[in-house]
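Working notes, structure below.
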Amino acid sequence: MEKCGKSRLEDAGDCFAKAECWSLAADLYSQAKCFLKCISICSKGQLFDSGLQYLERWKEESFVDKQNYKDFDEVRFTYLENCAIHYYERGEKERMMVSVKAFQSMDRIRSFLTSKNLLEELLKVEIEMGNFLEAAKICRRKGDILQEAEMLEKAGLFEKAVRLILFHVVINSLWISGSDGWPLKKFTGKEELLNRAKTFARKVSDSFYSSVCSEVEVLGDMPKTLLNMSKHLIEAQKCQNIRLEFFTARAILDVLLRSETSKYFFDSEVVLDVEKHANEMMSQNRFSAETLVHIWNLWKAIVLEVLNHLDKTESLDKKEFIMYEELCLEYLGVRKDDNDIFYVVLNKDASWVQNTGKVSLYKDRNHVVMNAHHYASSARNYWTIELCSVGMTVLEKLESMICFPPRNLISQFSRGKVVLCIYEVAKFLKGFESSPSKLAEKVCRFFHLSLESFWNIVFPYDWKDRTTEDMLHIHEYRTAENLLDDLLDQNLKPVNGNLTHGQIGRVVMLILLTGRLTDDSFNIIKGCLNKMSEWREFLEQLKIFLDHGSSKILLISSFKKALEAAFKADWIHELDYIAPHCFMYLLECLMFLALSCQESRWEVFCTKSLLIGMLRCHGCRGYIDSCLIPVPNMQLDTPVNIPLAFTAMITKSLLSSTHEIRQWIQKSSLPSGSYRPMILQLVTILYLTYLNTGIDTHEFATLLLYNNLLGDLPRAFSEKLRHVIYSRTQNYSRFLSAFADALETIGNPLVVISSTGRSSTLSKLNAVFISPEQIRDPDRVCAMLFLKILGNVKDKESSQDSSNMRSSCSPSTGIERNKSGNQQTSLEKSEGHQRGNVEESAVDTVKFLETVISQLKEERTQEDFGEHLVQEMMSVCDEFRQLTGRNEGEDLNARWQDWRCKLQQVMNSLTVKKGISKEAFESTVHSCDNTPEGESAPDDKEAEVEAVTVCSTTEQRKEQHTERESKKGRKKAKGKGKNKGKKH
1099 MEKCGKSRLE DAGDCFAKAE CWSLAADLYS QAKCFLKCIS ICSKGQLFDS GLQYLERWKE
1159 ESFVDKQNYK DFDEVRFTYL ENCAIHYYER GEKERMMVSV KAFQSMDRIR SFLTSKNLLE
1219 ELLKVEIEMG NFLEAAKICR RKGDILQEAE MLEKAGLFEK AVRLILFHVV INSLWISGSD
1279 GWPLKKFTGK EELLNRAKTF ARKVSDSFYS SVCSEVEVLG DMPKTLLNMS KHLIEAQKCQ
1339 NIRLEFFTAR AILDVLLRSE TSKYFFDSEV VLDVEKHANE MMSQNRFSAE TLVHIWNLWK
1399 AIVLEVLNHL DKTESLDKKE FIMYEELCLE YLGVRKDDND IFYVVLNKDA SWVQNTGKVS
1459 LYKDRNHVVM NAHHYASSAR NYWTIELCSV GMTVLEKLES MICFPPRNLI SQFSRGKVVL
1519 CIYEVAKFLK GFESSPSKLA EKVCRFFHLS LESFWNIVFP YDWKDRTTED MLHIHEYRTA
1579 ENLLDDLLDQ NLKPVNGNLT HGQIGRVVML ILLTGRLTDD SFNIIKGCLN KMSEWREFLE
1639 QLKIFLDHGS SKILLISSFK KALEAAFKAD WIHELDYIAP HCFMYLLECL MFLALSCQES
1699 RWEVFCTKSL LIGMLRCHGC RGYIDSCLIP VPNMQLDTPV NIPLAFTAMI TKSLLSSTHE
1759 IRQWIQKSSL PSGSYRPMIL QLVTILYLTY LNTGIDTHEF ATLLLYNNLL GDLPRAFSEK
1819 LRHVIYSRTQ NYSRFLSAFA DALETIGNPL VVISSTGRSS TLSKLNAVFI SPEQIRDPDR
1879 VCAMLFLKIL GNVKDKESSQ DSSNMRSSCS PSTGIERNKS GNQQTSLEKS EGHQRGNVEE
1939 SAVDTVKFLE TVISQLKEER TQEDFGEHLV QEMMSVCDEF RQLTGRNEGE DLNARWQDWR
1999 CKLQQVMNSL TVKKGISKEA FESTVHSCDN TPEGESAPDD KEAEVEAVTV CSTTEQRKEQ
2059 HTERESKKGR KKAKGKGKNK GKKH
């Protein structure tokens, strides 16, 4: 260098390079502008900092002639990459990033950092460069949902940011360590995240903000009310927001399943529009068994669609497929990879992942990954278990309702609706192909429970349980029809190739009830009756009648022969003999079918319970409609009267050997308490046969006395008969009048079907008179049997919507009833007030409530009413009194619906205990519901109704109450006098 100066700088650099004097060599190469050799020496000598300085200086001073050094950029990148690798291997990431950032190409930076899986460093570079969408992609690869949402928010994609925040909330609420999923759990920062989602959503649109607010409320930790959740559910359905509908339905299920059974509302409406009924109930913060099953069905339907998606069912269109796919992914905390090939599980500790087994999992950098097959299999397994688990919980809650302690508050109709709900859920789970085998036994138990319970409700051993009007319609639900079909199939399982007497009896009862006998069922039955020719002949005639409406007389004759053969069977040694209440039911059917064929000019006698039982049997009802025609020359030995004589013979035989009835009851596993109701039923059947055939009733009286049956009958009933039975002068009219009065005492009045109306000989008879034409209109008959006040029938029929109770009112009809003349208890007077016309003023309503409260307090010990019922009615009365004081009619009308619901259970208790229908209470309620402020209820002429009011007026009730109080005072005074006398 000293001799040659700068002309030999490159040669000098070469000499120092050979001597491995890297620093001197690099400096000389730099001065000689040998850039490639300079960079090479810096790399060999690991002079990375010096090399970077040279590169920066050359760049600033524009020393590089790009035309001469076209590969300078490539050399420069290679050197920087070597520098970065060097520092990366030494773990000096900060120094490495200096080299990386000098790449001057984002593509090369991304490639290098991605190859080293340095996502954090790459993320920082993207953020520094303002590449928020790219930054969001990096966050997704990292599995950092919240940071991804932050990047999307910075990129202005607020809707996507909101969805990610809610996604994060769902994952952490469901799948925190050790969790099995639902219910949602709390975690730190949850409410802050939800508020943040609402803030972002406001920047999108009002509709989106509203939807997000609903989701936030459902996912949040605040207590959830049924009222709010029902609003969110309706909103979700309107907007077709599957995600919101799913989570809301599940949240409502939680509320319903956690609620005490006593909080459920057991109404007596025939619900036709279940969705509307459920929404109305929830809008009033009330719920019933039907509400529970409706919400279960909504949630279940979505889960089934998710399973269809997992099975790639072709029935789903593309839009639906995406919706249910996203819901499944979000709920389970899974995301697809960029190529839609693999499924990335964001929480590897989730229970549903742990149950999949290690074979189906593998790690891809920071994630647990599944292939499509394993994901679908695992997800399907989870949803199947979840669906069955929730279904079983619903069944357990429904079962608790039919085992609800205060059974007197739940009518048979309400219990029947709960049983139908059990059947619907159990039927689904039973037929669910993917249902776990370990649940099969439990599901079958619930299924058979529903069948057995519904049978006992539709065919109760006590006639009182079938005398309410709503029981006319319980089997007309579509679910009930399916249940009855299953009951029929269950009884068509022959023993040794033949049906038992018990099976054929139950089969015939079901056929008469439904009025249906398919060809398949008929052929199965015929094939199992090889040893029961009488029943086979009857079924053949019944099939002909149901299909063509002919062969009526032969039907009655064959029915009689079949029952006779069953009665003569050796029932003690039969494995499954027909139960006594089933046999009596069929006997009643035979009797009534025979009576239906009597001449239209004759008077046919039956009872309220018998007529109701026949009207609800579609098979018998069709027979009645076709048989109300004259049959000439009715004599005792005619084909029609023979079944009546047979009925009398059977009942006499049974009543003459009551010990056999007890054995029969015990063998049939019926409660011992069913004995007395059956004796009463047999006595009633026997007298009706005498009454309708004109046989002298002296034999009937002798039978009661000789077998000491009066002691087995209700006291009030037997007292009415006792003085006639012991009378020396018995005659037809006197005995008929006494028997009608006796039936009235037990709430089962005599019914006279007569084409001539009330004859002079029956003018004072305590009975309901109905014409044959009216029999063809069951609703009209019900209006008469249940003493309805039909004032506003026409108006109600025109405005009634599908969710209301099936109307049992018909066009105006005459109701002819005489007062029984019996002394009424205070409760019966209250019931009478309900059945009569009610004063329309609010003041009178308050007086009525005060009277009922007083009577309940006096009699609640003997009637076993709960204190809470009295308190409930007192609360309603106080509220009503306050509002009447302010004279705010609109407020009264608005509040009346709430009070009505509170009073419903009290009135149900009254009607169930006293054997009257709830329709009496409904008439009082409707008078408040339907009468506009300032108008009075229509009188009897306007309503075209003749009804004898069985209660006193308000003033009379007050006088009675005052007199009763004075009597009690006198009794107390007498008691005190006696006590004083004893002391002295």
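Per our numbering, the very first residue in the sequence shown carries number 1099; after that it's consecutive.
C-beta atoms are modelled at their ideal positions from N, C-alpha and C, and glycine is treated no differently.
For this session: Report the option in L1537, K1446, E1403 whose CA atom is closest to the CA atom of R1478.
Result: Residue 1478 sits at position 380 when you count from the first residue of the sequence shown. Here the closest residue by C-alpha is E1403.
For this session: Using beta-carbon positions only, say whether L1807 and L1860 come within less than 8 Å of one another.
Result: Mapped onto the sequence shown, residue 1807 falls at position 709. Mapped onto the sequence shown, residue 1860 falls at position 762. No, these two residues do not count as a Cβ contact at 8 Å.
For this session: For M1630, count neighbouring C-beta atoms within 10 Å of its own C-beta (all shown protein chains included) and say buried if the count is 16 or more, exposed if not.
Result: Position 532 of the sequence shown, counted from the start, is the residue given in the question as residue 1630. The residue in question, M1630, is buried, as its Cβ has 16 or more Cβ neighbours within 10 Å.
For this session: Enumerate in chain order the residues of its own chain whose CB-to-CB distance from N1469 is below 8 Å, with the five nearest sequence positions on each side excluded.
Result: Counting from one through the sequence shown, the residue named residue 1469 turns up at place 371. Contacts found: I1439, F1440, Y1441, S1458.
Exercise. Going by beta carbon distance, what residues of the same chain come within less than 7 Å of T1795, once the five residues before and after it are set aside?
Worked result: As a working mapping, residue 1795 is identified with position 697 in the sequence shown. These residues qualify, in order along the chain: Y1788, Q1828, Y1830, F1833.
Exercise. Assuming V1260 contacts L1291 under a Cβ cut-off of 8 Å, what Cβ separation, rounded to an integer in Å, is found between them?
Worked result: Position 162 of the sequence shown, counted from the first residue, corresponds to residue 1260. Position 193 of the sequence shown, counted from the first residue, corresponds to residue 1291. Here V1260 is actually not in contact with L1291; their C-beta atoms are around 11 Å apart, not less than 8 Å.
For this session: Kindly identify the DSSP beta-bridge partner or partners of L1527.
Result: Against the sequence shown, residue 1527 aligns to sequence position 429. DSSP, once it has assigned bridges, lists no residue as partnering L1527.
Exercise. Counting Cβ pairs closer than 8 Å, one from the segment 1576-1596 and one from the segment 1650-1657, do we hit at least three?
Worked result: By the C-beta criterion, the segment 1576-1596 is judged not to be in contact with the segment 1650-1657, since fewer than 3 inter-stretch pairs fall below 8 Å.
Exercise. At what residues does the beta strand (DSSP E) containing L1848 begin and finish?
Worked result: The residue given as residue 1848 occupies position 750 in the sequence shown. From DSSP, the beta strand (DSSP E) with L1848 extends over 1848-1852.
Exercise. Using the C-alpha atoms, what's the distance from G1149 back to A1117?
Worked result: Position 19 of the sequence shown, counted from the start, is the residue given in the question as residue 1117. Position 51 of the sequence shown, counted from the start, is the residue given in the question as residue 1149. Approximately 19 Å, taken between the alpha carbons.
Problem set entry | Selected residue, minimal CA-CA separation from V1849, among F1364, T1782, M1569, K1240 | As a first step, residue 1849 is located in the sequence shown; it is residue number 751 there, counting from the start. It is T1782 whose Cα lies nearest to the Cα of V1849.
For this session: Compare the Cα-Cα distances from W1450 to each of D1436, L1427, N1437 and report the closest residue.
Result: Residue numbering aside, residue 1450 sits at position 352 when the sequence shown is read from its first letter. Answer by Cα proximity: L1427.
Problem set entry | Helix, strand or coil at A2018 according to DSSP, with G and I counted as helix | On the sequence shown, position 920 is the one that residue 2018 refers to. Because the pLDDT at A2018 is just 42, under 50, the model does not fix this residue reliably, and the value given afterwards should be weighed accordingly. Helix at A2018.
Exercise. How would you call Y1675, buried or exposed, if buried means at least 16 neighbouring beta carbons within 10 angstroms?
Worked result: In the sequence shown, the residue the question calls residue 1675 occupies position 577. So Y1675 counts as buried.
Exercise. How do the segment 1363-1383 and the segment 1321-1334 stand: do at least 3 beta-carbon pairs fall below 8 Å, yes or no?
Worked result: yes
Problem set entry | Cα-Cα separation between A1110 and G1189, rounded to whole angstroms | Counted from its first residue, the sequence shown places residue 1110 at position 12. Counted from its first residue, the sequence shown places residue 1189 at position 91. About 36 Å.
Exercise. What does a CB cutoff of less than 6 Å around D1447 pick up in its chain, not counting 5 residues either side in sequence?
Worked result: Start at 1 with the first residue of the sequence shown, and residue 1447 comes out as number 349. These residues qualify, in order along the chain: S1275.
Exercise. Using the C-alpha atoms, what's the distance from L1317 back to M1712?
Worked result: Residue numbering aside, residue 1712 sits at position 614 when the sequence shown is read from its first letter. Residue numbering aside, residue 1317 sits at position 219 when the sequence shown is read from its first letter. So the two alpha carbons sit approximately 53 Å from each other.
Exercise. Quick one: is the Cβ of C1426 within less than 7 Å of any heavy atom of the ligand HEM?
Worked result: Absence of the ligand HEM from the depicted structure is noted, as is the absence of any ligand whatsoever, leaving it without description.
Exercise. Helix, strand or coil: how does DSSP classify A1667 here?
Worked result: Here residue 1667 is taken as the residue at index 569 of the sequence shown, counted from 1. In this structure, A1667 counts as coil in the three-state DSSP scheme.
Problem set entry | Own chain partners of L1742 with C-beta closer than 6 Å, once the 5 adjacent residues on each side are dropped | For this step, residue 1742 is matched to residue 644 along the sequence shown. The residues are A1692, T1787, T1791.
Exercise. Quick one, which of L1570, C1486, T1598 has its alpha-carbon nearest H1671's?
Worked result: Taking the sequence shown and counting its residues from 1, the one referred to as residue 1671 is at position 573. Ranking the options by Cα distance to H1671, first place goes to T1598.
Problem set entry | Extent of the continuous beta strand (DSSP E) run through C1119 | The count along the sequence shown starts at 1 and reaches residue 1119 at position 21. That residue, C1119, is in no beta strand (DSSP E); it is neither H nor E in DSSP.
Problem set entry | 6 Å Cβ shell around D1560 - same chain, five flanking residues per side excluded | Here residue 1560 is taken as the residue at index 462 of the sequence shown, counted from 1. Closer than 6 Å at Cβ, skipping near neighbours: P1775.
For this session: Report buried or exposed for L1610, applying the criterion of at least 16 other Cβ atoms within 10 angstroms of its Cβ.
Result: Locating residue 1610 in the sequence shown gives position 512, where the first residue counts as 1. Answer is buried; the Cβ neighbour count reaches 16.
Exercise. If you pair each beta-carbon of the segment 1385-1396 with each one of the segment 1353-1372, do three or more pairs fall below 8 Å?
Worked result: Taking 8 Å as the limit for Cβ pairs, the verdict is that the segment 1353-1372 does touch the segment 1385-1396.
Exercise. Nearest CA to the CA of Y1177: which residue from K1191, E1192, Q1151?
Worked result: Locating residue 1177 in the sequence shown gives position 79, counting from the first residue. Looking at the Cα atoms, Q1151 is the closest of the given residues.
Exercise. Beta carbon of E1632, beta carbon of A1677: below 8 Å?
Worked result: As a working note, residue 1632 is residue 534 in the sequence shown. As a working note, residue 1677 is residue 579 in the sequence shown. One thing to note: E1632 has its Cβ no nearer than 8 Å to the Cβ of A1677.
Exercise. For I1593, does the count of other Cβ atoms within 10 angstroms reach 16, so buried, or fall short, so exposed?
Worked result: Translated into positions along the sequence shown, residue 1593 becomes position 495. Looking at the sequence itself, residue 1593 is Val, so the reference to Ile does not match. Exposed.
For this session: Give me whichever residues DSSP pairs with A1259 in a beta bridge.
Result: As a working note, residue 1259 is residue 161 in the sequence shown. For A1259, which the question treats as bridged, DSSP gives no partner whatsoever.
For this session: Count the other C-beta atoms from every protein chain shown that fall within 10 angstroms of the C-beta of S1755, then say buried if there are 16 or more, exposed otherwise.
Result: Against the sequence shown, residue 1755 aligns to sequence position 657. Label assigned to S1755: exposed.
Exercise. Between the segment 1339-1357 and the segment 1295-1306, are three or more C-beta pairs nearer than 8 Å?
Worked result: The segment 1339-1357 vs the segment 1295-1306: no contact.
Problem set entry | Per-residue burial, M1227 [other beta carbons within 10 Å of its own, 16 or more giving buried] | Here the question's residue 1227 lines up with position 129 in the sequence shown. M1227 is exposed by the Cβ-count criterion.
Exercise. Quick one: what does DSSP say F1815 is sitting in, helix, strand or coil?
Worked result: Start at 1 with the first residue of the sequence shown, and residue 1815 comes out as number 717. In this structure, F1815 counts as helix in the three-state DSSP scheme.
Exercise. From the DSSP output, which residues share a beta bridge with A1865?
Worked result: On the sequence shown, position 767 is the one that residue 1865 refers to. Beta-bridge pairing links A1865 to L1848.
For this session: Would you tell me roughly how many angstroms separate the C-alpha atoms of K1515 and P1558, rounded to the nearest one?
Result: Within the sequence shown, residue 1515 is the residue found at index 417, counting from 1. Within the sequence shown, residue 1558 is the residue found at index 460, counting from 1. For K1515 and P1558, the distance between alpha carbons rounds to 15 Å.
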